[in-house]
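Have a look at the structure below before the remarks.
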Amino acid sequence: MGKRRFVYLAVLGLIWVVFLGCASSGRLRVESGSDTKVFLKDIEQDYDKYIIYANEWPTDEVSAIVFDPKDDNKTIETDGWTKVTSQEQLSRLIKRSDRLIFRQFFKIVGANDDFYGYLLGGQQYVWIKTVDDNTLKLVSSNWEPRVGDRYEPFRF
Numbered sequence: 007m008g009k010r011r012f013v014y015l016a017v018l019g020l021i022w023v024v025f026l027g028c029a030s031s032g033r034l035r036v037e038s039g040s041d042t043k044v045f046l047k048d049i050e051q052d053y054d055k056y057i058i059y060a061n062e063w064p065t066d067e068v069s070a071i072v073f074d075p076k077d078d079n080k081t082i083e084t085d086g087w088t089k090v091t092s093q094e095q096l097s098r099l100i101k102r103s104d105r106l107i108f109r110q111f112f113k114i115v116g117a118n119d120d121f122y123g124y125l126l127g128g129q130q131y132v133w134i135k136t137v138d139d140n141t142l143k144l145v146s147s148n149w150e151p152r153v154g155d156r157y158e159p160f161r162f
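Note that the working numbering has the sequence shown beginning at 7, numbered continuously upward.
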C-alpha cells in the first residue's frame, strides 16, 4: 500500500512540475530572411516608434536587439540590456550584429500568441518570462537560471 501511494504521488508531482514549467513563457517565431533586410531598413527610418534594447554580450558584441512597439499595450522588459536612444546608435548596433554567424529575425509572441515585438539576434541563448498578461521579460544571454525560475530558453 505504501509503495502504490508513493508512485501515485510521484506521478502527480511530475505532472504538476511539467504543467508549471510550460505554463507561462513567451516564444519566438522565425521570420523569413528576406523580411529581415526590409524590416531593418524600415525600423532605422522609424526607430522612434519602438522602444529598442540591445544585449551587448560579450563585450563589444551584439548578441540580440529587441524592438518593442510603442503603440500597443504590451511591454517587453529587459534585464541588463542597453537602451537605444538614437538612430545613429541603432545603425551602429545593427552593423555590429552583421558579424553574427547565425543572425535571425524573430517575432516575439506571448503564451496566448499575442504579439509583443521583434528580436534580431545570433546563436546566443535568450530567456523569456511572462510577467503578467501584458508583459514579457527578456534576460541577458550570460544569465544562468536557478532552481525555481520559470524562464523559457530559446535557441537561435
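By construction, the Cβ of each residue, glycine as well, lies at the ideal position given by its N, Cα and C atoms.
For residue j and residue i, believed in contact at Cβ under 8 Å, the rounded distance
i   : j    : result
A70 : L126 : 7 Å
Y56 : F73  : 5 Å
L96 : E50  : 6 Å
Spatial neighbours of residue i in its chain, beta-carbon cut-off 6 Å, leaving aside the 5 residues before and after
i   : result
T88 : A60 and E62
T42 : F111
E94 : none
Nearest candidate by alpha-carbon position, reference residue i, set the options
i    : options                : result
V137 : D48, T84 and I58       : T84
G86  : Y124, P75 and V145     : V145
R228 : D66, K76, R10 and K113 : A query on residue 228 cannot be resolved here, the shown segment of the chain reaching from 7 to 162 and no further.
K76  : L96, E94 and D54       : D54
Contact set for residue i: own chain, Cβ-Cβ below 7 Å, skip 5 residues either direction
i    : result
N140 : N79, K80 and T81
Distance between residue j and residue i (C-alpha atoms, nearest Å)
i    : j    : result
G116 : Y122 : 7 Å
F108 : S92  : 26 Å
D119 : Q110 : 20 Å
D52  : K101 : 17 Å
D104 : W133 : 22 Å
K113 : V68  : 18 Å
R10  : V90  : 58 Å
K47  : Y124 : 14 Å
G8   : I58  : 57 Å
Status (buried if at least 16 other CB within 10 Å, exposed otherwise) for residue i
i    : result
R135 : Note that residue 135 is Lys in the sequence shown, not Arg. Buried, since its Cβ has 16 or more Cβ neighbours within 10 Å.
P159 : Only weak support exists for where P159 lies, its pLDDT of 48 falling under 50; the value from the coordinates is given anyway. By the neighbour-count rule (16 or more Cβ atoms within 10 Å), P159 is not buried but exposed.
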